[in-house]
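One structure is given below, encoded as structure tokens.
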Amino acid sequence: MHASCCCAPPESVSHTRRISYKYSGTSYPTRTTTTSSSAPEFTNKKQSTAMAPTTAAAAASSNGGGESDGSSKEWRLTAPTRGGAMAAAGDKMSIRAVRYKISASVDDRGPRPVLPLAHGDPSVFPEFRTAAEAEDAVADALRSGDFNCYPAGVGLPAARRAVADHLSRDLPYKLSSDDIFLTAGGTQAIEVVISILAQPGTNILLPRPGYPNYEARAAFNNLEVRHFDLIPEKGWEIDLNSLESIADKNTTAIVIINPNNPCGNVYTYEHLSKVAEVARKLGILVITDEVYGNLVFGSSPFVPMGCFGHIVPILTIGSLSKRWIVPGWRLGWVAICDPKKTLQETKIATLITNFLNVSTDPATFIQGALPNILKNTKEEFFKRIMDLLTETSDICYRGIKDIKCITCPHKPEGSMFVMVKLNLYLLEGIHDDVDFCCQLAKEESVILCPGSVLGMKNWVRITFAIDSSSLLDGLERIKSFCQRHKKKNPLNYI
């Protein structure tokens, strides 16, 4: 396309149908169904008006695919607004995209291996290999020949029943298979839930710091985000006092992540109960991200938010990815935890079903293996993973305390991460968290996740889901980097 070509967005006609539901006397929307018709403009640089597609085709045919005067046709297509928003959000709000940019700073000719302390995928390390029972279940399902077909959009019935039974073990009521919707990992589960709740003018409450996929998906759906803070000095508890002040009649839901990514904290039963009561008062449902469920190694046990489904309706997001260390298998779920059937008249199950019917599915053979994965995986596997994470979280916490330019306000108790604050006044030539991570990658070949992408500027997230020797090496490199950039007289800069 030539630079002289002038672009304008194509006209479109939209028809919007609004669906609302009520909870505790508060009406809040769940979905907008929009149909639109639009046509891209096709503009000839030599002409002053747009040429219709049929006219353009006829002209191309009569002239052997070119213009009558021998010049080539210039085609002008306007990028869809929603797609453009998602692309922009993906660039700014994606841990993966930021990690790739920081990795580009690494000196490929350096003598030391790159240490990935930025993301939660320890599957590449032999110590974190998944359970043999899980591998056998997948192999058996694949070889059976029974799972080469398309599955139902919501998932195979046996797999849905298996997830319902699995989750019900920790709840004071039983889930049915109709409460479970299988997704292509936790990422698609987020996409489904945010998409069906998004309405023009509505907003959602997200934690800060938090997992950026929620914000990216909200941006794509034109859903306003309002942040509530997690308090570092209180073990990253939710600032409950702020929730009522930021919510209004257009607030549709609150998202909590437990065990927490990126902070590594685990919420107590008492704290979750208070969250449920605030949500009930506001008349909003709770979306609980429990992808790291049961990955806990501190004093607080894992408590599913679904335990409070009798107080407020809950949508639970979960997956195999983290507990079984198989993120590449792409198997997740959304569970409706609503024993009082508060959401029944909203037809939220139908909305999820309709969305999944026009979306992608988890691989059928992984779904076919799921019942045996959940049933046959031995406790020895989970204990081994917990022992590893307990060891590496201790190593990480002790190592961080020995690095003066970094402060860790709370020892990790769950998930695979810890958030630490950069004391930039102690460092020379480091402008912010992104600069810190880029220079660290260049000089020490250590990759960290800058806090800016998670909503906390001048913080960084460190993963300890890595073999202990590599973690020790990485922490030593971070310490060397900080010593090398230490200010000679930092007191003058406080």
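Going left to right, the sequence shown walks through residues -15 to 478 as the working numbering numbers them. No residue lacks a Cβ here, since even glycine has one placed at the ideal position from N, Cα and C.
* Asked: Opposite asparagine 187 in the DSSP bridges: which residues?
  -> Per DSSP, Glu208 and Thr235.
Helix, strand or coil at glutamate 412 [DSSP, three-state]: Glutamate 412: coil per DSSP, three-state reduction.
**Asked** Can you find at least 3 beta carbon pairs, one from the stretch 318 to 328 and one from the stretch 350 to 363, that sit closer than 8 Å?
**Response** By the Cβ rule, the stretch 318 to 328 does not count as touching the stretch 350 to 363, because fewer than three pairs are nearer than 8 Å.
Looking only at DSSP bridge pairs, what is serine 303 linked to?
Under DSSP, serine 303 forms a beta bridge with Gly316.
Quiz prompt | Secondary structure of alanine 221, DSSP reduced to three states | solution = The sequence given here has glutamate at residue 221, not alanine. Of the three classes helix, strand and coil, the one that applies to glutamate 221 here is strand, per DSSP.
Quiz prompt | Which listed residue (Arg83, Glu58, Asp451 and Gly383) has its alpha carbon closest to that of valine 418 | solution = Closest by alpha carbon: Arg83.
ask   = How would you label cysteine 133, buried or exposed, when you count the other beta carbons within 10 angstroms and need 16 or more for buried?
value = Burial check for cysteine 133: the Cβ neighbour count within 10 Å stays below 16, so the residue is exposed.
Report yes if the C-beta distance between isoleucine 271 and alanine 237 is below 7 Å; otherwise report no.
Yes, Cβ-Cβ distance for isoleucine 271 and alanine 237 is below 7 Å.
Take every Cβ of the stretch 249 to 263, pair it with every Cβ of the stretch 212 to 232, and state whether three or more of those distances are shorter than 8 Å.
-> Touching, yes, given that three or more Cβ pairs across the two stretches are closer than 8 Å.
Are there 16 or more other CB atoms within 10 angstroms of the CB of threonine 334, so buried, or fewer, so exposed? So threonine 334 ends up on the exposed side.
Practice prompt. Measure the C-alpha to C-alpha separation of glycine 101 and leucine 456 and round it to an integer number of angstroms.
Written response: Per the sequence shown, the amino acid found at residue 101 is leucine instead of glycine. Approximately 11 Å between the Cα atoms of the pair.
*Mark tryptophan 59 as exposed unless 16 or more other C-beta atoms lie within 10 angstroms of its C-beta, in which case mark it buried.*
It counts as exposed.
Exercise. Would you check if the stretch 309 to 319 and the stretch 157 to 170 touch, i.e. whether three or more CB-CB distances between them fall below 8 Å?
Key: Contact holds: three or more Cβ-Cβ distances are below 8 Å.
- Provide the residue(s) that pair with proline 434 in DSSP beta bridges, ordered along the chain. Paired residues: Val444.
message: Less than 7 Å between the C-beta atoms of phenylalanine 286 and glycine 293, yes or no?
response: Judged by their CB atoms, phenylalanine 286 and glycine 293 are not nearer to each other than the 7 Å cut-off.
Report the three-state DSSP secondary structure of phenylalanine 165 (helix, strand or coil). DSSP places phenylalanine 165 in the strand class (E or B) of the three-state scheme.
Strand pairing of aspartate 273, partner residues [DSSP]: As a beta-bridge residue in DSSP terms, aspartate 273 pairs with Ile241 and Ile301.
Discussion item. Is it buried or exposed, asparagine 245, if we count other Cβ atoms within 10 angstroms and call 16 or more buried?
Written reply: Label assigned to asparagine 245: buried.
- [ ] Throw me the rounded Cβ distance for the histidine 103 and threonine 447 pair, which I believe falls under 8 Å.
- [x] Between threonine 447 and histidine 103 the Cβ distance is about 6 Å, and since that is below 8 Å, they are a contact.
Problem set entry | Rounded C-alpha distance that separates histidine -14 from proline 106 | Confidence in histidine -14 is poor, its pLDDT being 41 and thus under 50, which makes the residue's placement unreliable; the coordinate value appears in the next sentence. In this structure, the alpha-carbon of histidine -14 lies about 47 Å from that of proline 106.
Subject >> Contacts around proline 297, its chain only, beta-carbon distance under 6 Å, and the 5 residues preceding and following it disregarded >> reply: Apart from the 5 residues on each side of it in sequence, proline 297 sits with its Cβ closer than 6 Å to the Cβ of Leu269, Asp322, Thr326 and Leu327 in its chain, given in chain order.
### Message
If the criterion is Cβ atoms closer than 7 Å, does the pair phenylalanine 212 and serine 226 meet it?
### Response
Contact: yes.
- Output the distance between the C-alpha atoms of glutamate 329 and lysine 306, rounded to the nearest integer angstrom. Near 34 Å, if we compare the C-alpha coordinates of lysine 306 and glutamate 329.
- Message: Beta-carbon within less than 6 Å of arginine 210's beta-carbon, same chain only, minus the 5 sequence neighbours each way: which residues are those?
- Response: Once the five neighbours on either side are set aside, the close Cβ partners of arginine 210 are Asn187, Leu189 and Ile230.
Go through its chain and collect everything with a Cβ distance to cysteine 392's Cβ below 7 Å, but skip five positions before and after it.
The residues are Tyr381, Ile384, Lys385, Val402 and Val404.
Buried or exposed, going by whether 16 or more other CB atoms sit within 10 Å of the CB of glutamate 397? Burial call: buried.
Q) If we count the other Cβ atoms within 10 Å of its Cβ and call it buried at 16 or more, is arginine 127 buried or exposed? A) Arginine 127 should be labelled exposed.
Notebook entry, point to check: Out of curiosity, what's the CA-to-CA distance linking serine -2 and glutamine 172?
Noted result: With a pLDDT of 41 at serine -2, under the threshold of 50, the modelled position of that residue is not reliable, and the figure given next carries that caveat. If you take the alpha carbons of serine -2 and glutamine 172, they lie about 26 Å apart.
Nearest to alanine 200 by CA position, among Ile462, Leu438 and Pro156, is which residue? In this structure, Leu438 is the residue among Ile462, Leu438 and Pro156 with its C-alpha nearest to the C-alpha of alanine 200.
ask   = Taking threonine 300 as the reference, which of Glu274, Glu261 and Ser284 has the closest Cα?
value = Taking the Cα of threonine 300 as reference, the smallest distance to any Cα among Glu274, Glu261 and Ser284 is reached at Glu274.
Do leucine 373 and cysteine 389 come within 7 Å of each other at the CB atom, strictly closer than that value? No. Outside cutoff.
In angstroms, rounded to a whole number, what distance separates the CA positions of valine 310 and threonine 114? Rounded to the nearest whole angstrom, the CA to CA distance from valine 310 to threonine 114 is 7 Å.
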